[in-house]
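Undergrad: Quick note: the sequence shown uses the UniProt record's numbering, first residue 1, plus one each step.
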Amino acid sequence: MPVFAAGLFVAATALVWAPGFSPVWFLFLCLIGLLGAWLVRQRLLWLGGFCLGLLLASHAIHERLMPSALDDLGEQTVVVTEGRVLGLVADHGFSQRFDFQVDVIDGEPLARPVRLRVSWSEPLLAPASGEQWRLPLQLREPAARPLPGQFDQARWQFRHGLAGTARVMPEATAVRLEPGGAGMDRLRTRLGQAVAESLADSPASALIRGITVGDRSGFDSGQWAVLNATGTTHLVAISGLHIGMVGGLVFLLGQGLARLLPAPWPARLSGALLGLAAAGAYAMLAGFALPTVRALSMFAVMVLLLLLRRRTGFAGGLATAAVVVLVLDPLAVMDPGFYLSFALVAFVLAVVAGGDRPGRAVAFVRIQWVTGLAILPVLMLFFGLGPLSSPLANAIAVPLFSFLVVPLSLLGAALSLGGLDTLAAWFWSGAGLVLDGLWPVLSLLAELPALPTVAGYPLIAALLALLAILAVVLPGPRVARAALLLGLLPLVVGLNGRDQPDIRVWSLPAGGQVWQLDLAEERLIWLQAGRGDLRGPLLDWLARAMRRPGSRLLFNPEQGVGSATLDHLQSSLPELAPGQFLLPDLRGMPAGVARHCPQGAMGGDEIHFVRGPGQDGLPQCQLLAESGDWRLRLDPSGLVVEHPALSRPLHLDEGLAREKGRVGLRLEGRGEVAYLSRQPRWWRP
1 MPVFAAGLFV AATALVWAPG FSPVWFLFLC LIGLLGAWLV RQRLLWLGGF
51 CLGLLLASHA IHERLMPSAL DDLGEQTVVV TEGRVLGLVA DHGFSQRFDF
101 QVDVIDGEPL ARPVRLRVSW SEPLLAPASG EQWRLPLQLR EPAARPLPGQ
151 FDQARWQFRH GLAGTARVMP EATAVRLEPG GAGMDRLRTR LGQAVAESLA
201 DSPASALIRG ITVGDRSGFD SGQWAVLNAT GTTHLVAISG LHIGMVGGLV
251 FLLGQGLARL LPAPWPARLS GALLGLAAAG AYAMLAGFAL PTVRALSMFA
301 VMVLLLLLRR RTGFAGGLAT AAVVVLVLDP LAVMDPGFYL SFALVAFVLA
351 VVAGGDRPGR AVAFVRIQWV TGLAILPVLM LFFGLGPLSS PLANAIAVPL
401 FSFLVVPLSL LGAALSLGGL DTLAAWFWSG AGLVLDGLWP VLSLLAELPA
451 LPTVAGYPLI AALLALLAIL AVVLPGPRVA RAALLLGLLP LVVGLNGRDQ
501 PDIRVWSLPA GGQVWQLDLA EERLIWLQAG RGDLRGPLLD WLARAMRRPG
551 SRLLFNPEQG VGSATLDHLQ SSLPELAPGQ FLLPDLRGMP AGVARHCPQG
601 AMGGDEIHFV RGPGQDGLPQ CQLLAESGDW RLRLDPSGLV VEHPALSRPL
651 HLDEGLAREK GRVGLRLEGR GEVAYLSRQP RWWRP
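1. Confirm, please, whether the CB-CB distance from P136 to V89 is below 8 Å.
2. Determine the DSSP secondary structure at L110, reduced to helix, strand or coil.
3. Could you check what DSSP says for D436 in three-state terms: helix, strand or coil?
4. Is G164 helix, strand or coil by DSSP?
5. Excluding the 5 residues preceding and the 5 following A300 in the sequence, name in chain order all residues of the same chain whose CB lies nearer than 8 Å to its CB.
6. Can you tell me the Cα-Cα spacing of S390 and A374, whole angstroms?
7. Keeping to the same chain, check which residues put their C-beta closer than 8 Å to that of H568; ignore five residues upstream and five downstream.
8. Determine, using beta-carbon pairs with one atom in the segment 289-309 and one in the segment 244-252, whether at least three such pairs fall under 8 Å.
9. In three-state terms, what does DSSP make of H608?
10. Leaving aside the five residues before and after G536 along the sequence, list all residues of the same chain whose C-beta is less than 8 Å from its C-beta, in chain order.
11. Going by the CB atoms, is the gap between A5 and A319 shorter than 8 Å?
12. Can you tell me which residues form a DSSP beta bridge with E178?
13. Count the C-beta pairs between the segment 108-126 and the segment 202-213 that are closer than 8 Å, then say yes if the count reaches three, no if not.
14. At the level of alpha carbons, what is the spacing between A12 and Q622?
15. Which one of T81, L139, A194 has the shortest CA to CA distance from Q132?
16. Are there 16 or more other CB atoms within 10 angstroms of the CB of V348, so buried, or fewer, so exposed?
17. Is it the case that the Cβ atoms of F251 and R294 are separated by a distance below 8 Å?
18. Do L554 and L632 have their CB atoms nearer than 8 Å?
19. Give a yes or no on whether the C-beta atoms belonging to L164 and R140 are separated by under 8 Å.
20. With distances taken between CB atoms, is the gap from L508 to I525 smaller than 8 Å?
21. Which same chain residues, not among the five before or five after M1, have their C-beta less than 6 Å away from its C-beta?
22. With a Cβ-Cβ cutoff of 8 Å, do G83 and G130 count as a contact?
23. Check this for me: beta carbons of G231 and G437, under 8 Å apart or not?
24. In chain order, what residues of the same chain lie with their CB nearer than 7 Å to the CB of W265, ignoring the 5 residues before and after it?
25. Measuring only the C-alpha atoms, how far is G343 from A397?
26. Output the distance between the C-alpha atoms of C51 and A346, rounded to the nearest integer angstrom.
27. Where does the unbroken beta strand (DSSP E) through I105 begin, and where does it stop?
28. Three-state secondary structure (DSSP) at E521?
29. Taking DSSP's pairing of strands, which residues face F581 in a bridge?
30. Can you tell me the Cβ-Cβ gap for A267 and L306, rounded? I've got them flagged as a contact below 8 Å.
31. Please classify G256: is it buried, with 16 or more other beta-carbons within 10 angstroms of its beta-carbon, or exposed?
32. When the distance is taken between beta carbons, is S58 closer than 8 Å to L15?
33. Based on the DSSP secondary-structure assignment, which residues constitute the bridge partners of R268?
34. Out of L70, L124, T77, which one is the CA nearest neighbour of V104?
35. From Q528 to V3, what distance separates their C-alpha atoms?
36. So, with DSSP's three-state summary, where would you put S119?
So, in structure tokens, the structure goes:
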């Protein structure tokens with residue numbers, strides 16, 4: 001089974017990730033596949049899994065990319081639609097957001113319904129799950145290409161099968177055609193409202209709703225910041241930890257009760273059926289979200305192998321679970337949670353099956369420790385986050401969530417469904433008290449520093465870090481374990497050395513631009529933006545990008561995108577030192593003023609201000625960045641790249657990046673060639 005699972009995984013990964021692979025990486029992946037097919041004895045199994053992966057992944061991608069009725073409609077187009085509200089309705093105070101299945105557009109039924117993410121500001125009649133509506137919608141333009149580490153909305157829409165986003169036109173009339181039925185989403189909505197009413201004044205209310213019914217719309221930015229900074233976001237997502245804990249606990253209880261009561265079938269079968277039923281009910285309560293379905297599939301496979309008494313070993317069991325998950329959802333290779341789930345399960349099983357056979361208490365402590373350690377490389381790889389507090393935070397939070405918060409929350413949900421709302425409120429209050437006591441500890445740990453973002457090859461760094469974690473948690477020869485610990489160096493030190501500069505440029509949704517220049521030891525971020533772009537996502541990215549030692553920020557306000565000043569930017573980024581802001585704003589200064597460089601030393605050894613000849617031949621202030629033989633000169637005329645091997649200086653045309661905020665460019669320098677290349681989005685064919 002591991003051979004078949006490997007072939008299936010390689011095929012799905014190659015098909016989904018191929019557009020973002022450089023030729024070297026794609027060739028490396030092909031060589032690995034050919035080598036695996038040659039070395040393994042069960043070549044037919046490997047090839048069978050590979051072919052099945054190609055078939056399933058290509059079909060899933062084809063389903064996502066099929067033409068829809070919205071393709072011929074331009075951006076900002078207003079259409080009258082009829083359809084049904086799907087899932088939970090997220091209430092954000094003055095606006096509501098929900099998924100809407102469109103069946104009719106301008107009176108014409110659609111042969112293939114499409115799903116839209118719809119926002120509605122101040123509705124007179126709030127929509128509810130399952131209701132049929134006629135809505136006048138204004139289609140929004142496709143999501144912009146995000147900055148590194150930011151939420152990629154277009155990727156998320158593609159993954160969840162959404163055709164786009166829209167908003168309800170306030171000046172038009174929306175009509176509710178049919179009320180919603182008594183479906184599971186209505187039940188989830190009622191439970192979420194019951195939790196909110198019971199814990200109206202508690203910050204833990206949103207967290208308990210997320211754990212109980214999978215509704216995380218109530219989380220505020222402060223809660224997300226603490227969870228991200230401590231690597232504990234997986235605790236508020238109904239995933240493998242919660243499904244496995246609930247199913248496993250009910251399995252043990254059912255098996256124990258069956259042994260006490262006479263029954264014509266084995267006690268293990270009774271426990272397995274009850275455990276699967278409990279896990280399935282919890283997944284249903286969570287709305288069968290993608291992580292929940294993946295966790296339920298893994299749990300079902302493990303229970304089935306246990307019932308069949310198959311001695312597959314933990315590698316075989318994990319491979320079987322991977323096959324089931326990928327067959328049901330081949331695009332799961334796009335999800336960070338896919339790698340996080342299997343990595344954590346593999347590490348936990350490795351700890352339990354370790355050669356020293358620790359006692360239960362030691363094994364429990366070691367599992368909590370390895371959970372926090374194993375999360376670090378995955379967070380670095382997919383999110384650019386490296387919270388040093390993750391091992392300690394998970395060691396504290398995981399037991400509290402597993403044995404107190406989740407059981408109390410679910411018992412409260414069961415009592416509420418049975419009509420015992422008063423008693424349910426007591427259980428939810430108990431879970432809230434635990435979270436109220438835990439949250440100050442997590443907030444304190446969130447203040448600890450984070451590992452620097454790896455600037456070289458994050459995939460290699462993550463794999464090396466996983467090997468190093470094995471050396472920490474598993475028994476074995478000390479010399480070999482010490483050698484494996486060297487794999488942590490790329491994450492601790494960072495792969496920042498380079499023989500040529502790395503230049504990238506992104507367009508911002510409101511019309512601004514961000515240029516990032518990475519040299520051997522220093523980083524310059526040249527920001528051309530107005531107040532319309534100086535919002536949370538950009539500011540969060542700037543705060544992370546400027547953590548690298550030697551980082552400097554040069555701000556040039558774009559008045560056409562809304563007035564903005566350096567004081568406004570500095571007040572929005574209080575964590576940055578004043579010395580990290582460079583002056584003057586070269587691009588916005590008249591030529592006469594730009595001839596005068598700022599007094600004193602500003603910048604570093606590689607990035608500094610100089611006086612040089614301008615376009616009119618007269619001396620003017622310029623910002624010079626030097627890395628080896630590469631020289632990057634920024635003056636009021638733009639950014640110029642110089643290299644002895646180039647026949648002429650390369651003027652980087654900023655207009656190349658202005659295509660409705662959807663283009664990311666990167667300077668590629670190889671030998672005598674330097675050019676701006678488009679960066680493919682790895683996740684989409």
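For each residue, glycine too, the CB sits at the ideal point set by N, CA and C.
TA: In brief:
1. As a first step, residue 89 is located in the sequence shown; it is residue number 89 there, counting from the start. As a first step, residue 136 is located in the sequence shown; it is residue number 136 there, counting from the start. Contact annotation: V89 and P136 have beta-carbon atoms that are not nearer than 8 Å.
2. To locate residue 110, count along the sequence shown from 1; it is residue 110. L110 falls in the strand class under three-state DSSP.
3. Taking the first residue of the sequence shown as 1, we reach residue 436 at position 436. Looking at D436 - three-state DSSP - the assignment turns out to be helix.
4. Along the sequence shown, read from residue 1 onward, the residue named residue 164 stands at position 164. Three-state result, G164: strand.
5. Position 300 of the sequence shown, counted from the start, is the residue given in the question as residue 300. If we look at A300 and ignore the five residues flanking it on each side, its Cβ neighbours are L276, A279, V324.
6. The residue given as residue 390 occupies position 390 in the sequence shown. The residue given as residue 374 occupies position 374 in the sequence shown. Taking the straight line from one Cα to the other gives about 9 Å.
7. Numbered from 1 along the sequence shown, position 568 holds the residue referred to as residue 568. If we look at H568 and ignore the five residues flanking it on each side, its Cβ neighbours are R531, L534.
8. yes
9. Within the sequence shown, numbered from 1, the residue matching residue 608 stands at position 608. Per DSSP, reduced to three states, the secondary structure at H608 is strand.
10. For the purposes of this step, residue 536 is taken as the residue at position 536 of the sequence shown. Result list for G536: S221, in chain order.
11. In the sequence shown, residue 319 corresponds to position 319, counting from 1. In the sequence shown, residue 5 corresponds to position 5, counting from 1. Yes; because the gap between Cβ atoms is below 8 Å, this pair is in contact.
12. Here residue 178 corresponds to residue number 178 of the sequence shown, with the count starting at 1. Looking at the DSSP assignment, E178 forms a beta bridge with Q132.
13. no
14. Here the question's residue 12 lines up with position 12 in the sequence shown. Here the question's residue 622 lines up with position 622 in the sequence shown. Approximately 49 Å between the Cα atoms of the pair.
15. Along the sequence shown, read from residue 1 onward, the residue named residue 132 stands at position 132. Out of T81, L139, A194, T81 has the C-alpha closest to the C-alpha of Q132.
16. Locating residue 348 in the sequence shown gives position 348, where the first residue counts as 1. Classification of V348: buried, given that the 10 Å Cβ count is 16 or more.
17. Counted from its first residue, the sequence shown places residue 251 at position 251. Counted from its first residue, the sequence shown places residue 294 at position 294. Contact flag unset, no.
18. Residue mapping note: residue 554 aligns to position 554 of the sequence shown, counting from 1. Residue mapping note: residue 632 aligns to position 632 of the sequence shown, counting from 1. No, the Cβ-Cβ distance between L554 and L632 is not below 8 Å.
19. Here residue 164 refers to the residue found at position 164 when the sequence shown is read from its first residue. Here residue 140 refers to the residue found at position 140 when the sequence shown is read from its first residue. Reading off the sequence, residue 164 comes out as Gly, not Leu. Cβ distance < 8 Å, so G164 and R140 count as in contact.
20. Counting from one through the sequence shown, the residue named residue 508 turns up at place 508. Counting from one through the sequence shown, the residue named residue 525 turns up at place 525. Result no, Cβ atoms of L508 and I525 do not sit closer than 8 Å.
21. In the sequence shown, residue 1 corresponds to position 1, counting from 1. Only G316, A319, T320 meet the Cβ criterion.
22. The residue you call residue 83 lines up with position 83 of the sequence shown. The residue you call residue 130 lines up with position 130 of the sequence shown. Going by C-beta atoms, G83 is not nearer than 8 Å to G130.
23. Residue 231 sits at position 231 when you count from the first residue of the sequence shown. Residue 437 sits at position 437 when you count from the first residue of the sequence shown. Not closer than 8 Å, so no.
24. On the sequence shown, residue 265 is found 265 positions in, with the first residue counted as 1. Correct list: empty, nothing qualifies.
25. Position 343 of the sequence shown holds residue 343. Position 397 of the sequence shown holds residue 397. For the sequence presented, residue 343 should be read as Ala rather than Gly. Going by the C-alpha atoms only, they are around 19 Å apart.
26. Within the sequence shown, residue 51 is the residue found at index 51, counting from 1. Within the sequence shown, residue 346 is the residue found at index 346, counting from 1. Straight across, the Cα-Cα distance linking C51 with A346 is about 26 Å.
27. Looking up residue 105 in the sequence shown gives position 105. Element bounds for I105: 95-105.
28. Against the sequence shown, residue 521 aligns to sequence position 521. Correct three-state label for E521: coil.
29. In the sequence shown, the residue the question calls residue 581 occupies position 581. Bridge partners of F581: L553.
30. Translated into positions along the sequence shown, residue 267 becomes position 267. Translated into positions along the sequence shown, residue 306 becomes position 306. In fact, because the Cβ distance is near 13 Å, the residues do not count as touching under 8 Å.
31. Here residue 256 refers to the residue found at position 256 when the sequence shown is read from its first residue. Result: exposed.
32. Within the sequence shown, residue 15 is the residue found at index 15, counting from 1. Within the sequence shown, residue 58 is the residue found at index 58, counting from 1. It is a contact, given that the beta carbons lie within the stated cut-off.
33. Numbered from its first residue, the sequence shown carries residue 268 at position 268. Per DSSP, none; premise fails for R268.
34. Residue numbering aside, residue 104 sits at position 104 when the sequence shown is read from its first letter. For V104, the nearest C-alpha among the options comes from L70.
35. Taking the sequence shown and counting its residues from 1, one reaches residue 528 at position 528. Taking the sequence shown and counting its residues from 1, one reaches residue 3 at position 3. So the two alpha carbons sit approximately 51 Å from each other.
36. Translated into positions along the sequence shown, residue 119 becomes position 119. Strand.
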